[in-house]
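What follows is a set of notes on a single structure, which appears directly below.
Number of protein chains: 2
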Amino acid sequence: MKTSKRLDYVPPSPIRKLVPFAQEAKKQGVTVYHLNIGDPDIRTPEVMLNVLKTWKTNPIGYDQSQGNPEFIGALLWYYKNIGFSFLKQEHIQVTLGGSEAIAMALFASCDPGDEVLVFEPFYANYNSYAAVTGVNLVPVRTTISTGFHLPDRKTIESAITKRTRAILFCNPNNPTGTVYTKEEVSILVAIAATYRLFLLSDEVYREYVYDGKKHVSILSYMGQIPDAAILLDSMSKRYSVCGVRLGTLVSLNARIMAGVLRIAQGRLSAGLIDQLVASKLTEVTPSWLRETHDEFEKRRDILYTGLGRIPGVTIPRPEGAFYTIVGLPIKDAEHFCQWLLTDFRDNNETVMLAPAPGFYATKGLGKNEVRIAYVLNRKSLARCVDLMGIALVKYKSQN
Amino acid sequence: MKTSKRLDYVPPSPIRKLVPFAQEAKKQGVTVYHLNIGDPDIRTPEVMLNVLKTWKTNPIGYDQSQGNPEFIGALLWYYKNIGFSFLKQEHIQVTLGGSEAIAMALFASCDPGDEVLVFEPFYANYNSYAAVTGVNLVPVRTTISTGFHLPDRKTIESAITKRTRAILFCNPNNPTGTVYTKEEVSILVAIAATYRLFLLSDEVYREYVYDGKKHVSILSYMGQIPDAAILLDSMSKRYSVCGVRLGTLVSLNARIMAGVLRIAQGRLSAGLIDQLVASKLTEVTPSWLRETHDEFEKRRDILYTGLGRIPGVTIPRPEGAFYTIVGLPIKDAEHFCQWLLTDFRDNNETVMLAPAPGFYATKGLGKNEVRIAYVLNRKSLARCVDLMGIALVKYKSQN
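The listed protein sequences derive, respectively, from chains A and B. Heads up, the first sequence is in this note's numbering, so the first residue is 1 and it goes up one at a time. Heads up, the second sequence is in this note's numbering, so the first residue is 400 and it goes up one at a time.
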């Protein structure tokens, strides 16, 4: 019985494919520190959990396909609060995680075989949504030596073909931790305007920008390119609710919004409980948000300083999000990351990292790089830095 | 800015597209009885709601892409309980609603342009998943005169072409309420085996079969066609948790399961809260399930008897699920259903129905039919029957 050809093109997640090795290690009683996935240990705000504790609604029925009205109201409050009061209810589509927002945006902007520019290394799951929607991701390379900032306008433009329909970028960036400057975002906006491309901005990590830098949102350009700009957003990281599967697609383009609503009608609605939990974002205190931001910045410091001291390690200063791509003195990150789980133990502990090649589209790139998510508490993170130092010495001696 | 061509092919939901008219009626103070959507008023089992009231997990993090282990265990317990103890963990993929299970199954069995046989009228959202996955649904007609039972084997086979990859059927059926006999299911199994087609069985309403009839599950045939059979399932209706977005895709085909897991990895996980709520299905009492079944059967009786008395109404005896397609003495169901919301009021009340043409793929079919979901309590339902009788007389005099 033959499955579809396209099923073979859906890639395994580079973040998750080593999970069986981690499970095996845990079975052996080994402690595995997870720096492979962006699932933070930050506690979910109590005000959200209280929705559960005081739950009344019964039965738990479908919600509206566009999204729960209370939740949409909360989202509008949030966007107004960060300076974008022009958004209205009809500009918001609630999605099943940021994942669905990305898949919807690719579907709505591209027909099968159309091309979307992405800056590699990029969030690996973009490959999944591209495979599911039949879209070709065309990588434009960024490198560790420039902190993964964008190449110049001409280089980006040279990747555009007749089939290019969109540019997709993540800012602050997963997996690199890069925060694009106003100039960089402006160039993307100018290219989108010139070539009439959709500009899809994934801003899931908007709040996590360090060293006093400012985040530049696509929302600032929605007046300039109202039909082209699409914001992709998620609750997961902002409020430490990754298991609450809620994201948003935001656009002023009425055809896009009508189309994604039709897709949304097909899957009926997002979860009612999740939406009522997330609606309490209006009551999350500024101090919770500030403390969470500051905590990640301190973790960034531990990682950046610690890894910088290990001979042969290249780490650009992470500017935002809670990821970074690190260059290691090894030849094959896939092998190294697996070896960490299967062979390496120090005091019966090891660390799980994501091999970077899965974040590149171009074969052969990122072979000596890993992605690190600094989502564990500072003590654990310091221990992870130590483990990596010890492991690299041992790995070199054995391989 | 041109959106993709395929976005235009995603149809609006016939179940939901009249919602704005209903909202307008409600604004005017009119009571609208919703028989348009399968969102039952049955209370969610307390044992599930108690999960919320005693919630401890913090943070609410990602779960495993295949599904929460406790929830998968509960599902295996359920399938064993209904007689299918051969299923193992690797045969289960937890999905974001039954919707995602259907979309995954179409993607995994078909490349773009491939064909899937469906029996019309069919669940309208199949059109959405087909549009999203680029699959052509090929309708095989069933008619109200035979209670929407399947045509003979030859008629079904005559719809098969070189591009046919699967047969998709819903049993008990939404929108018709038909429950296929063992002979009918066996014929589909035989056709799938002969032509090497996937057989996708949507059994979301498995528990709702009336008049002492037995449901025949695709699970009974998984030994016979292990690579071809795919079960599509959902928690929504079984436990009255439509707003808990959880379904399952079940198959013994290892390539299918590996492929859908890769798709699932791309969207990370289903909701943690929803999965822990649904895990309590093992503690839902047999009496809750029996009472819910009996309640729907009584509602079926009210609808069947009541509508059968209205002159010009054709209603086959609904055998299962909680839907039925009813023939009305009108020419244009779209117009009638909209008129009910915009013009008709009796004692300031009206009823919302789903026009049947949206459930047919063949243009021109179902024009005098509506789909009714008998999801309201018996008193409301009796009132709806009265309203329909009064409305039909009034409509005839005005149109």
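From the three backbone atoms N, C-alpha and C, an ideal C-beta is built for every residue, glycine too. All figures in this text were calculated on a predicted structure; none of them were measured in a lab.
The Cβ-Cβ distance between B:Glu694 and B:Gly726 does not fall below 9 Å. By the criterion of at least three beta-carbon pairs nearer than 8 Å, the segment 473 to 491 of chain B is in contact with the segment 642 to 656 of chain B.
The contact set of A:Glu90 on chain B, defined by CB atoms closer than 8 Å, is empty, because the minimum CB distance reaches about 12 Å. Contact with chain A is found for B:Ala627, since one of that chain's Cβ atoms lies less than 9 Å from the residue's Cβ. With 16 or more other CB atoms across the displayed protein chains lying within 10 angstroms of its CB, A:Asn174 is buried. Cβ-Cβ distances below 6 Å link B:Gly707 to Ile714 in the same chain, with the five nearest sequence neighbours on each side left out; the list follows chain order. Interface with chain B (9 Å Cβ-Cβ cutoff): A:Ile273 is included. The Cβ of B:Met400 sits closer than 9 Å to at least one Cβ of chain A. Beta-bridge pairing by DSSP links B:Ala772 to B:Tyr722. As DSSP reads the structure, A:Arg141 sits in a beta bridge with A:Glu120. The beta carbon of B:Lys679 sits no closer than 9 Å to any beta carbon of chain A.
The beta carbon of A:Gly134 is closer than 6 Å to those of Pro112 in its chain, skipping five residues each way along the sequence. For the 9 Å CB-CB criterion, B:Pro520 and B:Gly763 do not form a contact. For the pair of segments examined, the segment 497 to 513 of chain B was found not to touch the segment 610 to 620 of chain B: the number of CB pairs separated by less than 8 Å stays below three. Taking the Cβ atoms as the reference, A:Ile273 lies roughly 7 Å from A:Ile60, within the contact range of under 8 Å. When rounded, the separation of the alpha-carbon atoms in B:Lys561 and B:Tyr528 is 21 Å. In the three-state scheme derived from DSSP, where H, G and I count as helix and E and B as strand, A:Tyr62 is classed as coil. Looking at the DSSP output, B:Gln492 shares a beta bridge with B:Leu648. Between the segment 740 to 758 of chain B and the segment 776 to 786 of chain B, the count of Cβ pairs shorter than 8 Å is three or higher; the stretches touch. B:Ala530 sits close to B:Tyr408, with the two beta carbons spaced by under 9 Å. B:Tyr759 and B:Thr542 have their alpha carbons spaced roughly 11 Å apart. The beta carbon of A:Tyr33 sits closer than 8 Å to those of Glu349, Thr350, Val351, Met352, Leu376, Ser380, Arg383, Cys384 and Leu387, all from its chain and outside the five residues before and after it, given in chain order. Comparing C-alpha distances from B:Ile481 to each of B:Asn798, B:Leu688, B:Asp742 and B:Asp731 shows the shortest one belongs to B:Leu688. The alpha-carbon separation between B:Asp610 and B:Ile729 amounts to approximately 30 Å.
Of the candidates A:Asp227, A:Arg299 and A:Lys17, the residue whose Cα lies closest to the Cα of A:Arg317 is A:Arg299.
As the crow flies, the alpha-carbon of B:Ala627 is around 38 Å from that of A:Ala166. Between A:Ala193 and A:Ile156 the beta-carbon gap is near 13 Å, outside 8 Å, which marks them as no contact. The beta carbon of B:Pro538 sits no closer than 9 Å to any beta carbon of chain A.
At least one CB atom of chain B sits nearer than 9 Å to the CB of A:Arg196.
With 16 or more other Cβ atoms from the protein chains shown falling within 10 Å of its own Cβ, B:Ala523 counts as buried. For B:Ala592, the enclosing alpha helix (DSSP H) begins and ends at Lys581 to Tyr594. At a cut-off of 9 Å, the C-beta of A:Ile42 has a neighbouring C-beta in chain B. Under the Cβ distance rule, A:Val47 does not count among the residues neighbouring chain B, no pair being separated by less than 9 Å. A straight line joining the alpha-carbon of A:Phe86 with that of A:Lys80 spans about 8 Å. In the DSSP assignment, B:Leu598 forms a beta bridge with B:Ile566 and B:Ala628.
For A:Thr285, no beta strand (DSSP E) encloses it, and the DSSP letter there is neither H nor E.
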